[in-house]
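The structure appears below as structure tokens.
There are 2 protein chains.
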Amino acid sequence: MSAHGFERHDHKRCVATALAEAEARATAEGLRLTPVRRRVLELLLEDHRAQGAYDILARLQAEGLGAQPPVAYRALDFLTKNGFAHRIERLNAYVACTEGAGEHAPMFMICKGCERVGEIGETAAGAGLKAEAAAAGFAVERQVIEAEGLCPDCAGTGA
Amino acid sequence: MSAHGFERHDHKRCVATALAEAEARATAEGLRLTPVRRRVLELLLEDHRAQGAYDILARLQAEGLGAQPPVAYRALDFLTKNGFAHRIERLNAYVACTEGAGEHAPMFMICKGCERVGEIGETAAGAGLKAEAAAAGFAVERQVIEAEGLCPDCAGTGA
DNA sequence: GCAGGTATTGTAATGTTATAACATATCTAC
DNA sequence: GTAGATATGTTATAACATTACAATACCTGC
Ligand SMILES: [Zn+2]
Ligand SMILES: [Zn+2]
Ligand SMILES: [Zn+2]
Ligand SMILES: [Zn+2]
Numbered sequence: 001m002s003a004h005g006f007e008r009h010d011h012k013r014c015v016a017t018a019l020a021e022a023e024a025r026a027t028a029e030g031l032r033l034t035p036v037r038r039r040v041l042e043l044l045l046e047d048h049r050a051q052g053a054y055d056i057l058a059r060l061q062a063e064g065l066g067a068q069p070p071v072a073y074r075a076l077d078f079l080t081k082n083g084f085a086h087r088i089e090r091l092n093a094y095v096a097c098t099e100g101a102g103e104h105a106p107m108f109m110i111c112k113g114c115e116r117v118g119e120i121g122e123t124a125a126g127a128g129l130k131a132e133a134a135a136a137g138f139a140v141e142r143q144v145i146e147a148e149g150l151c152p153d154c155a156g157t158g159a
Numbered sequence: 001m002s003a004h005g006f007e008r009h010d011h012k013r014c015v016a017t018a019l020a021e022a023e024a025r026a027t028a029e030g031l032r033l034t035p036v037r038r039r040v041l042e043l044l045l046e047d048h049r050a051q052g053a054y055d056i057l058a059r060l061q062a063e064g065l066g067a068q069p070p071v072a073y074r075a076l077d078f079l080t081k082n083g084f085a086h087r088i089e090r091l092n093a094y095v096a097c098t099e100g101a102g103e104h105a106p107m108f109m110i111c112k113g114c115e116r117v118g119e120i121g122e123t124a125a126g127a128g129l130k131a132e133a134a135a136a137g138f139a140v141e142r143q144v145i146e147a148e149g150l151c152p153d154c155a156g157t158g159a
């Protein structure tokens, strides 16, 4: 089931799976999923909305896990560098990864109605981008593919 | 000459053409290309690098054209809304459009070596994005497609 | 177990990007 | 020339991000 995050689903299971996979991969690859990092991942997993670094920071502060911006940014850097989360450039915010595997260059769909962000792992858009870049002799190191609009639910309600 | 901005070219002509087209389109569509807006467009056209709002603001200040952030942001908003310039989300910065026509959803190639930004008007990436979104029932209003890496010149030098 | 190096966290200060809100001026249409 | 719309001037503040350095935790070899 190609979960892009908008369809109805058992989100508790969704969270549990993601967390378990993260733990497993961290162990396998010798990554240290420390308390702050793990907690930030949990916070991002709470729903499929993107959260800003300062939203995360506020939560950490409330829990006594860190008081200054670098605490949040460092955890988010760790999570994004290792593919547990992604940064949404359009929003200057972060979402938990819903595609599990390590390296990937996904595309995102950002709903202006409900603020959810859907992820698609490998896309025609990504392939197209690589092809265009190659044709121009451009060597791609990182790519950003984001669509902003209305998710199926929100488009239906005319919102 | 599908100018993506990286190839060698007569940049004076490049600027003159863009400016003339902007004037023409502004007149045709009843848009007001005021002194500040026109000057900001000129500043963006100076080269094919992206410039931050505060870079622009500094230039305006030096020229006595405006002293506060909103002056720069408003001009940039006008230019981007009307397709004379584009915002590069990855850089929180702005480039002049090199594709002339009105509505378009381009992709950008951001060089980490020389900081130039190349634009491609309509791309396979854009088409792919639309297709993926449609398949997911997502209604796209705006899209962001940006590749970061090395341009042909910079990739050659191993930089 | 303990020294020494590496990775992580704590904290203060600061830098950068962006907007809200409201006053004033300019343009356009009638 | 007056009214309404559009654009600009200005203050203040919000939102996002990093630098720099100190302290601690952790691993690893001995
Ligand atoms: Zn879920
Ligand atoms: Zn939605
Ligand atoms: Zn040029
Ligand atoms: Zn370059």
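Line order of the protein sequences matches chains A and B. Letter 132 of the first sequence, counting from 1, is numbered 132 in this note's numbering, and no numbers are missing. Letter 78 of the second sequence, counting from 1, is numbered 78 in this note's numbering, and no numbers are missing. Each residue gets a CB set at the ideal place from its N, CA and C atoms; glycine is no exception.
beta-carbon residue i near ligand 1 non-hydrogen atom, thresh 8 Å
{"i": "Cys14 of chain A", "result": "yes"}
{"i": "His48 of chain A", "result": "yes"}
{"i": "His4 of chain A", "result": "no"}
{"i": "His11 of chain A", "result": "yes"}
Option nearest residue i by Cα separation, candidates the options
{"i": "Lys112 of chain B", "options": "B:Arg39, B:Leu33, B:Leu44 and B:Cys154", "result": "B:Cys154"}
{"i": "Ala139 of chain B", "options": "A:Leu150, A:Ile145 and A:Cys97", "result": "A:Leu150"}
{"i": "Arg87 of chain B", "options": "B:Arg59, B:Cys114, B:Leu44 and B:Glu122", "result": "B:Leu44"}
{"i": "Cys97 of chain A", "options": "A:Gln51, A:Gly64 and A:Asp55", "result": "A:Gln51"}
{"i": "Leu60 of chain A", "options": "A:Arg74, A:His48 and A:Arg49", "result": "A:Arg74"}
{"i": "Arg38 of chain B", "options": "B:Ala147, B:Glu103, B:Leu91 and B:Glu23", "result": "B:Glu23"}
{"i": "Ala72 of chain A", "options": "A:Tyr94, A:Glu89 and A:Gly128", "result": "A:Tyr94"}
{"i": "Gly137 of chain A", "options": "B:Ile120, B:Leu33, B:Glu42 and B:Leu129", "result": "B:Ile120"}
{"i": "Val15 of chain A", "options": "A:Phe108, A:Gln68 and A:Asp47", "result": "A:Asp47"}
{"i": "Pro70 of chain B", "options": "B:Val36, B:Ala85 and B:Glu99", "result": "B:Val36"}
{"i": "Met109 of chain A", "options": "A:Pro152, A:Ala85 and A:Lys81", "result": "A:Pro152"}
{"i": "Pro106 of chain A", "options": "B:Ala133, B:Pro106 and B:Ala85", "result": "B:Ala133"}
{"i": "Glu99 of chain B", "options": "B:His9, B:Ala28, B:Glu21 and B:Thr34", "result": "B:Glu21"}
Range covered by the beta strand (DSSP E) that runs through residue i
{"i": "Phe108 of chain B", "result": "Met107 to Cys111"}
{"i": "Ala139 of chain A", "result": "Ala139 to Leu150"}
{"i": "Glu119 of chain A", "result": "Val117 to Ile120"}
{"i": "Ala93 of chain A", "result": "Ala93 to Ala96"}
Residue i beta carbon near ligand 4 (any heavy atom closer than 8 Å)
{"i": "Glu148 of chain B", "result": "no"}
{"i": "Arg116 of chain B", "result": "yes"}
9 Å Cβ cutoff met for residue i and residue j
{"i": "Val117 of chain B", "j": "Gly5 of chain B", "result": "yes"}
{"i": "Ala53 of chain A", "j": "Leu76 of chain A", "result": "yes"}
{"i": "Ala101 of chain A", "j": "Gly83 of chain A", "result": "yes"}
{"i": "Arg49 of chain B", "j": "Glu115 of chain B", "result": "yes"}
{"i": "Arg142 of chain B", "j": "Ala147 of chain A", "result": "yes"}
{"i": "Ala124 of chain B", "j": "Ala131 of chain A", "result": "yes"}
{"i": "Ile145 of chain B", "j": "Leu91 of chain A", "result": "no"}
{"i": "Leu57 of chain B", "j": "Gly64 of chain B", "result": "no"}
{"i": "Glu122 of chain B", "j": "His104 of chain B", "result": "yes"}
{"i": "Leu41 of chain A", "j": "Ala18 of chain A", "result": "yes"}
Residue interval of the alpha helix (DSSP H) (run including residue i)
{"i": "His86 of chain A", "result": "It is not in any alpha helix (DSSP H) - His86 of chain A instead sits in the beta strand (DSSP E) that spans Ala85 to Ile88."}
{"i": "Gly64 of chain B", "result": "First-last for Gly64 of chain B: undefined, no H or E at that position."}
{"i": "Arg13 of chain B", "result": "His11 to Glu29"}
{"i": "Ala246 of chain B", "result": "Outside the displayed range of chain B (1 to 159) lies residue 246 of chain B, so it cannot be described from this structure."}
{"i": "Leu33 of chain B", "result": "First-last for Leu33 of chain B: undefined, no H or E at that position."}
{"i": "Arg74 of chain B", "result": "Pro69 to Lys81"}
{"i": "Ala126 of chain B", "result": "This sequence places Gly at residue 126 of chain B; Ala is not what is there. Its alpha helix (DSSP H) spans residues Ala124 to Ala135."}
Near ligand 3: residue i beta-carbon under 8 Å from a heavy atom
{"i": "Thr98 of chain B", "result": "yes"}
Below 5 Å from a heavy atom of ligand 2 - residues by beta-carbon: A:Cys111, A:Gly113, A:Cys114, A:Cys151 and A:Cys154
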